[in-house]
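S.K.: Let me begin by handing over the structure; questions about it come next.
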């Protein structure tokens, strides 16, 4: 993979990160309607698809680390949460990809597993740091469930265009 493709893939991940925040801001009244909260995770979708369709991108873990640092700086104010979790998502997805074919159904299922692990880890870290008082009984139906539903819809809409773009840049197909 040439440097131009690597830079373009990094730019795509950055764009997806900015879209996460922009969508949350533009649709705040809908996505954050008490008691439910829906969180877009397009960045995780980009990382997941790059694992499957840009396997020559050797520095994806390092890119995920830097992207996590930027994500923490822009959105959370607590450095280290996403900086730790994004590379973990890449490792976990690579491990899962060894056992399954790269069909849309399997990739969608892995995406939902990644999101569940990510959201649960963010919830656990926020609880540990005293950033939230939300109980687990409230977190699952009011945050995790709606977040998974929203991201499943986004996956269905964006899978094909993102897959084609990433595969073209990652020279898989």
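Numbering (my numbering), first residue to last: 385 to 557. By construction, the Cβ of each residue, glycine as well, lies at the ideal position given by its N, Cα and C atoms. Since we're looking at a predicted model, the values are computed, not measured.
Less than 8 Å between the CB atoms is what I'm expecting for residue 532 and residue 496, so what's the real figure, rounded?
M.R.: 6 Å
S.K.: What did DSSP end up calling residue 408 once you bin it into helix, strand or coil?
M.R.: helix
S.K.: Should residue 530 and residue 420 be called a contact, given that it needs their Cβ atoms to be closer than 8 Å?
M.R.: yes
S.K.: What residue does the alpha helix (DSSP H) around residue 355 start on, and which one ends it?
M.R.: For residue 355 there is no data in the structure shown, the boundaries of the chain being 385 and 557.
S.K.: Does the stretch 465-474 come within contact of the stretch 401-420, defined as at least 3 CB pairs closer than 8 Å?
M.R.: Flag = no, the stretch 465-474 and the stretch 401-420 do not touch.
S.K.: For the stretch 394-409 against the stretch 427-438, are there 3 or more C-beta pairs whose distance is under 8 Å?
M.R.: Between the stretch 394-409 and the stretch 427-438, the count of Cβ pairs shorter than 8 Å is three or higher; the stretches touch.
S.K.: Residues in the same chain with beta-carbon distance under 7 Å from residue 437, minus the five sequence neighbours each way, listed in chain order, please.
M.R.: Once the five neighbours on either side are set aside, the close Cβ partners of residue 437 are 547, 550, 551, 554 and 556.
S.K.: Given that a residue counts as buried once 16 or more other Cβ atoms are within 10 Å of its Cβ, and exposed if not, what is residue 514?
M.R.: Per the 10 Å Cβ criterion, exposed.
S.K.: Please go through the same chain and pick out, in chain order, the residues whose beta-carbon is closer than 7 Å to the beta-carbon of residue 534, but skip the five residues on each side of it.
M.R.: 422 and 424
S.K.: Under 7 Å Cβ to Cβ from residue 474, same chain only, skipping five residues before and after it: list those, please.
M.R.: Cβ neighbours of residue 474 beyond the five flanking positions: 431, 435, 444, 445 and 448.
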